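Colleague: The structure under discussion is supplied below as structure tokens; questions concerning it will follow.
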Amino acid sequence: MFENLSTALQKTFKNLRGYGRLTEKNVKDSMREVRMALLEADVNFKVARDFVKKVQESCMGDEVMGSITPGQLVVKKVQDELEELLGGAHREFELTGHPASVMMMGLHGSGKTTTSGKLAMRWKKSGRRVLLVACDIRRPAAVEQLMILAGQVGCDVIGPEPGESVPMLGKRAAKYAKDEKFDVVIYDTGGRFQVDDELVQELKEFSAETNPNNRVLVLDAAIGQESVNVAETFRDAVGLTGLILTKLDGDARGGAALSVHAVTGCPVLMTGSGEKMEDLEPFYPDRMASRILGMGDVVSFVEKAQGVVDQEEAMKMQEKLMKNQMDLEDFLSQIQQMKKLGSMSSLFDMMPGDAMKMDQKKKDAIATASELEMKKFESIIQSMTKWERQNPKKIDRPRRLRIAAGCGRKFQDVNQLLKRFEQMGKMGKQFKKMEKRLRHMKKFTTK
Amino acid sequence: MAGWLGALKKTRNIIGKVFSSKVNIDELDIEELEEILLRSDVPVRLTMDIVDELESPRRKATRRERLTELLMKELGETPEFNWPSDNKPYVVMLLGINGSGKTTTAAKLAKRAIGQGLKPMLCGSDTFRAAGSSQLKLWSEKVGCDFVGGEMGHDAAGVAYNAVESAIEKKCDVVLVDTAGRMHTKTPLMDELPKMCRSMDKRRAGAPDAVWMVLDASLGQNAVIQAKQFNEVVPLTGIIVTKLDGSSKAGFLFSVKTELNIPILFTGLGEDEDDLVPFNPEEFVNALFDENSDADEV
């Protein structure tokens, strides 16, 4: 998300950097551009206006005007303001209490049920016992959907009994969760076409019966100016503790993320960016701000890699690569680790610099192509015998044909994989040479 | 148009806000006017153009007249949609991103067709989302029409083929194919759509006869990008806007029309299965300038 906004802002700054001195006129002109960029990114019009006003004022201050590098100072000001707009420090769910409870709310189709499943997955992984409660009794098959998701996650789920009202169900679920000593209980409440009195009343009653310590609003990232109204109404009805933005895997411009906190004061807690149960990430305002300004988000990337890559395993792999002892088993486990990192395009977004500033479509095309290739390689290796995986050089033509038939790929694909693998081996050798040379040079310099 | 006004009024009463009657646009200063347009998600460039245009008093028309005229021009002609009577069954495919309201819209369209004396069939080809197909099955029982669906994990193209076949056997007039929601940026999922078209075409040449995209009214400028991407994969023949209520104004529709030139056919105004009405540009434009009393509370 934020690509367009990011491009527009960077263009503006580039212009500003060119001026030796800032004048009222060139600041004003660039702020007009910034405002347009914000509005086009679906940022609430009031938020956009205030933002521009604030930045403009601080640019006209003595500090900036008197500086030798005014352009850079403006960038800094904008970054600070953006961070502030996005909510300052990162905030987490309140997971204390026995059990901790989370009430999920939102309009129709915002992604409540899927997100409930994702949260359950996340907390289950961190060793908690999670209970999902299906409280959407209106939408056809909503309860069934949550049951299936609970099955995928592997956690408990309860749904309404015939004739039970939603607040009654909430009360029963809260008691059940307490008696059975669950750590977290997630209530997936029913969506509405729009916020109406009936919904507000039901949510109020439900909230009173269950007294959840997290009351979370789920919003579609592509929502327009309406985002602020929706968030305000929910906040006034039951009091929100946070927000989750969903469907960030599209090219939505994320204006809601920039507006909602500014208007309601509720922090964005998480973002959902895909259909897999793992596709849910914590939201860091500071990192998002630097991503918008094209400075990348290397911190998130490293954290993500640390989460999936086993440190010891990585060291072993590195050694093997250097000694050219890698076999296809190792290659396969590497591919599988890459996959755990999430979608390629989401990784691209975290990279700093102009190299990654291609347009979204190109980026997606490359991401999809490399994902498909990894999938292809994976299937080919999985169709090999153990002996073949350990002795890739000895795979002859008949074996290649058999492997191709086994995984339903082309003969050429098998060749391509083996060739790619061979190239990797060569790279390893080169690394080793470089290392030697470096060591040699060190000796030389320390003497 | 009673349906349209009725639904809008109903939703307003539900929200329980106090609305002033229509704002007197001629009294607003130009900045306030700009705000109204922007708040309704009217595209930024168009808003700027309109504001520039209105600032220069060229003709003797009132500002409101000129504004309405400019906006109406942007929307263009809206042809009325009727189910064709030849080449049965008439196959309609519904597309959109996740949560746009495809399934509910399919049910509403079925209800509409029944009301016009036709025999529709609903096809639940959403074999991806947990319980996606059974949601439509429940609707088909409620509305009272035939249903063909697939189990989770089945091939959507196969389900669509079966639906067309079954509709021919049962002599249905209309087949409404509900597809799984997909993000327009996910190439592999998008590629499934032409495949579905090909498999329906195999059973009855020319099917699907219509491809309609379902857009959520609360979307911002991203809606146009979504529609463009879908249009590149499967040429769209119509747009349906859902969840249009008193406060979601769907101003992005102005650029849907100019940038894609696809007619806007229906609007969903509520949760009932009767709340789907033909798109009325005049009411749509007028609705932008209603409900302004809370403009300054935002």
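Here the protein sequences come in this chain order: A and B.
For any residue, its number in the numbering used here is found by taking its place in the first sequence, counting from 1, and adding 1207.
For any residue, its number in the numbering used here is found by taking its place in the second sequence, counting from 1, and adding 1.
Where a beta carbon is used, it is the ideal one built from N, C-alpha and C, also for glycine.
Note that the coordinates shown come from a computational prediction; the quantities given were computed from them, not determined experimentally.
How would you call residue 1634 of chain A, buried or exposed, if buried means at least 16 neighbouring beta carbons within 10 angstroms?
Modeller: Your numbering for residue 1634 of chain A matches position 427 in the first sequence. Its Cβ having fewer than 16 others within 10 Å, residue 1634 of chain A is exposed.
Colleague: Could you name the residues of the same chain whose beta carbon sits closer than 8 Å to that of residue 1537 of chain A, not counting the 5 residues immediately before and after it, in chain order?
Modeller: Locating residue 1537 of chain A in the first sequence gives position 330, where the first residue counts as 1. 1524 and 1527.
Colleague: Answer yes or no: does any C-beta atom of chain A fall closer than 9 Å to that of residue 100 of chain B?
Modeller: On the second sequence, residue 100 of chain B is found 99 positions in, with the first residue counted as 1. At least one chain A Cβ lies under 9 Å of residue 100 of chain B.
Colleague: Tell me the rounded alpha-carbon separation between residue 253 of chain B and residue 1461 of chain A.
Modeller: Here residue 253 of chain B refers to the residue found at position 252 of the second sequence. Here residue 1461 of chain A refers to the residue found at position 254 of the first sequence. Between residue 253 of chain B and residue 1461 of chain A, the C-alpha separation is close to 16 Å.
Colleague: Under 8 Å by Cβ, that's how I've got residue 1329 of chain A and residue 1487 of chain A pegged, so tell me the actual separation to the nearest angstrom.
Modeller: Within the first sequence, numbered from 1, the residue matching residue 1329 of chain A stands at position 122. Within the first sequence, numbered from 1, the residue matching residue 1487 of chain A stands at position 280. Going by Cβ atoms, the distance from residue 1329 of chain A to residue 1487 of chain A rounds to 6 Å, so yes, they are a contact pair.
Colleague: Which residues in chain A sit within 8 Å of residue 40 of chain B, going by Cβ to Cβ distance?
Modeller: Reading the second sequence from its first residue, position 39 is the one you call residue 40 of chain B. Ordered by position in chain A, the residues that pass the 8 Å Cβ test against residue 40 of chain B are 1252 and 1432.
Colleague: Within the 9 Å Cβ cut-off, does residue 205 of chain B reach chain A?
Modeller: On the second sequence, position 204 is the one that residue 205 of chain B refers to. No, residue 205 of chain B does not count as interfacial toward chain A.
Colleague: List in chain order: all unbroken beta strand (DSSP E) runs of 3+ residues lying wholly within the segment 1312-1396 of chain A.
Modeller: Complete beta strand (DSSP E) runs here, min 3: 1337-1342, 1363-1365 and 1391-1396.
Colleague: In the DSSP assignment, what residue or residues form a beta bridge with residue 92 of chain B?
Modeller: Residue 92 of chain B sits at position 91 when you count from the first residue of the second sequence. Partner(s): B:176.
Colleague: If distances are taken between C-alpha atoms only, which option among B:237, B:180 and B:225 comes closest to residue 1 of chain B?
Modeller: For chain B, the structure presents residues 2 to 299; residue 1 of chain B sits outside this window and is missing.
Colleague: Within 10 Å of its beta-carbon, does residue 1315 of chain A have 16 or more other beta-carbons around it, so buried, or fewer, so exposed?
Modeller: Translated into positions along the first sequence, residue 1315 of chain A becomes position 108. Answer is buried; the Cβ neighbour count reaches 16.
Colleague: Considering just the uninterrupted stretch of the alpha helix (DSSP H) at residue 189 of chain B, what are its terminal residues?
Modeller: Position 188 of the second sequence holds residue 189 of chain B. Start and end: 188-204.
Colleague: Sorted by chain position, which residues of the same chain lie with C-beta nearer than 6 Å to residue 289 of chain B's C-beta, five sequence neighbours on each side aside?
Modeller: Here residue 289 of chain B refers to the residue found at position 288 of the second sequence. Closer than 6 Å at Cβ, skipping near neighbours: 41 and 250.
Colleague: Which residues in the same chain as residue 1584 of chain A place their Cβ atom closer than 7 Å to its Cβ, once the five residues preceding and following it in sequence are excluded?
Modeller: Within the first sequence, numbered from 1, the residue matching residue 1584 of chain A stands at position 377. Only 1542 and 1624 meet the Cβ criterion.
Colleague: Whole angstroms is fine: what's the gap from residue 1341 of chain A's alpha carbon to residue 1335 of chain A's?
Modeller: The residue given as residue 1341 of chain A occupies position 134 in the first sequence. The residue given as residue 1335 of chain A occupies position 128 in the first sequence. Taking the straight line from one Cα to the other gives about 19 Å.
Colleague: Are the segment 230-240 of chain B and the segment 190-205 of chain B in contact at 8 Å, needing three or more beta carbon pairs?
Modeller: Flag = yes, the segment 230-240 of chain B and the segment 190-205 of chain B touch.
Colleague: If the cut-off is 7 Å on Cβ atoms, which residues from the segment 137-156 of chain B count as contacting chain A, listed in chain order?
Modeller: Cβ contacts with chain A come from 139 and 140.
Colleague: For a contact defined as C-beta to C-beta under 9 Å, what are the partners of residue 1246 of chain A on chain B?
Modeller: For this step, residue 1246 of chain A is matched to residue 39 along the first sequence. What residue 1246 of chain A touches in chain B: 39, 45, 48 and 222.
Colleague: In three-state DSSP terms, what is residue 1605 of chain A?
Modeller: As a first step, residue 1605 of chain A must be located in the first sequence, where it is residue number 398. DSSP places residue 1605 of chain A in helix when its eight states are reduced to three.
Colleague: Is it the case that the Cβ atoms of residue 268 of chain B and residue 245 of chain B are separated by a distance below 9 Å?
Modeller: Taking the second sequence and counting its residues from 1, one reaches residue 268 of chain B at position 267. Taking the second sequence and counting its residues from 1, one reaches residue 245 of chain B at position 244. Yes, Cβ-Cβ distance for residue 268 of chain B and residue 245 of chain B is below 9 Å.
Colleague: Return the CA-CA distance between residue 88 of chain B and residue 174 of chain B, expressed in angstroms with no decimal places.
Modeller: As a working mapping, residue 88 of chain B is identified with position 87 in the second sequence. As a working mapping, residue 174 of chain B is identified with position 173 in the second sequence. Approximately 9 Å between the Cα atoms of the pair.
Colleague: Kindly indicate which three-state DSSP category residue 82 of chain B falls into: helix, strand or coil?
Modeller: Working through the second sequence from its first residue, we reach residue 82 of chain B at position 81. Three-state DSSP puts residue 82 of chain B in coil, outside helix and strand.
Colleague: Output needed for residue 146 of chain B: all residues of its chain with C-beta closer than 7 Å, excluding positions within five of it in sequence on either side, in chain order.
Modeller: In the second sequence, the residue the question calls residue 146 of chain B occupies position 145. 111, 115, 121, 122 and 123.
Colleague: Checking contacts by CB at 9 Å: is residue 1249 of chain A closer than that to chain B?
Modeller: Translated into positions along the first sequence, residue 1249 of chain A becomes position 42. It does; some Cβ of chain B falls within 9 Å.
Colleague: Flag this pair as yes or no: are the beta carbons of residue 241 of chain B and residue 106 of chain B separated by less than 9 Å?
Modeller: On the second sequence, residue 241 of chain B is found 240 positions in, with the first residue counted as 1. On the second sequence, residue 106 of chain B is found 105 positions in, with the first residue counted as 1. Cβ atoms of residue 241 of chain B and residue 106 of chain B: closer than 9 Å.
Colleague: Judging by CA-CA distance, which residue of A:1362, A:1646, A:1312 and A:1219 is the nearest neighbour of residue 1241 of chain A?
Modeller: Translated into positions along the first sequence, residue 1241 of chain A becomes position 34. When each option's Cα is compared against that of residue 1241 of chain A, the closest is A:1219.
Colleague: Which residues in chain B have a C-beta closer than 8 Å to the C-beta of residue 1344 of chain A? List them in chain order.
Modeller: The count along the first sequence starts at 1 and reaches residue 1344 of chain A at position 137. Neighbours of residue 1344 of chain A on chain B: none; closest Cβ ~13 Å, over 8 Å.
Colleague: Can you give the Cα-Cα distance for residue 1303 of chain A and residue 1394 of chain A, rounded to whole angstroms?
Modeller: Taking the first residue of the first sequence as position 1, residue 1303 of chain A is located at position 96. Taking the first residue of the first sequence as position 1, residue 1394 of chain A is located at position 187. Whole-angstrom Cα-Cα distance: 16 Å.
Colleague: State the beta-bridge partners of residue 241 of chain B as determined by DSSP.
Modeller: In the second sequence, counting from the first residue as 1, residue 241 of chain B sits at position 240. According to DSSP, residue 241 of chain B bridges with B:215 and B:267.
Colleague: Considering just the uninterrupted stretch of the alpha helix (DSSP H) at residue 1423 of chain A, what are its terminal residues?
Modeller: Position 216 of the first sequence, counting from 1, holds the residue named residue 1423 of chain A. Not the alpha helix (DSSP H): residue 1423 of chain A falls in the beta strand (DSSP E), residues 1421-1427.
Colleague: Within 9 Å of any Cβ in chain A, is that where the Cβ of residue 189 of chain B sits?
Modeller: Counted from its first residue, the second sequence places residue 189 of chain B at position 188. With 9 Å as the cut-off, residue 189 of chain B counts as an interface residue toward chain A.
Colleague: Would you tell me roughly how many angstroms separate the C-alpha atoms of residue 66 of chain B and residue 76 of chain B, rounded to the nearest one?
Modeller: In the second sequence, residue 66 of chain B corresponds to position 65, counting from 1. In the second sequence, residue 76 of chain B corresponds to position 75, counting from 1. Cα to Cα, residue 66 of chain B sits roughly 15 Å from residue 76 of chain B.
Colleague: In this structure, how does DSSP classify residue 1584 of chain A when only helix, strand and coil are distinguished?
Modeller: Stepping through the first sequence from its first residue, residue 1584 of chain A is reached at position 377. Residue 1584 of chain A: helix per DSSP, three-state reduction.
Colleague: Where does residue 1430 of chain A land, buried or exposed, given buried means 16+ other C-beta within 10 angstroms?
Modeller: In the first sequence, residue 1430 of chain A corresponds to position 223, counting from 1. When all chains shown are included, residue 1430 of chain A counts as buried.
Colleague: Would you identify the three-state DSSP class for residue 299 of chain B, choosing helix, strand or coil?
Modeller: Locating residue 299 of chain B in the second sequence gives position 298, where the first residue counts as 1. The predicted position of residue 299 of chain B is uncertain, since its pLDDT is 32 and thus under 50; a value taken from the coordinates is nonetheless stated next. Three-state result, residue 299 of chain B: coil.
Colleague: I want to verify the contact list: residues of chain B whose CB lies under 7 Å from the CB of residue 1427 of chain A, in sequence order.
Modeller: Indexing the first sequence from 1 puts residue 1427 of chain A at position 220. Ordered by position in chain B, the residues that pass the 7 Å Cβ test against residue 1427 of chain A are 100.
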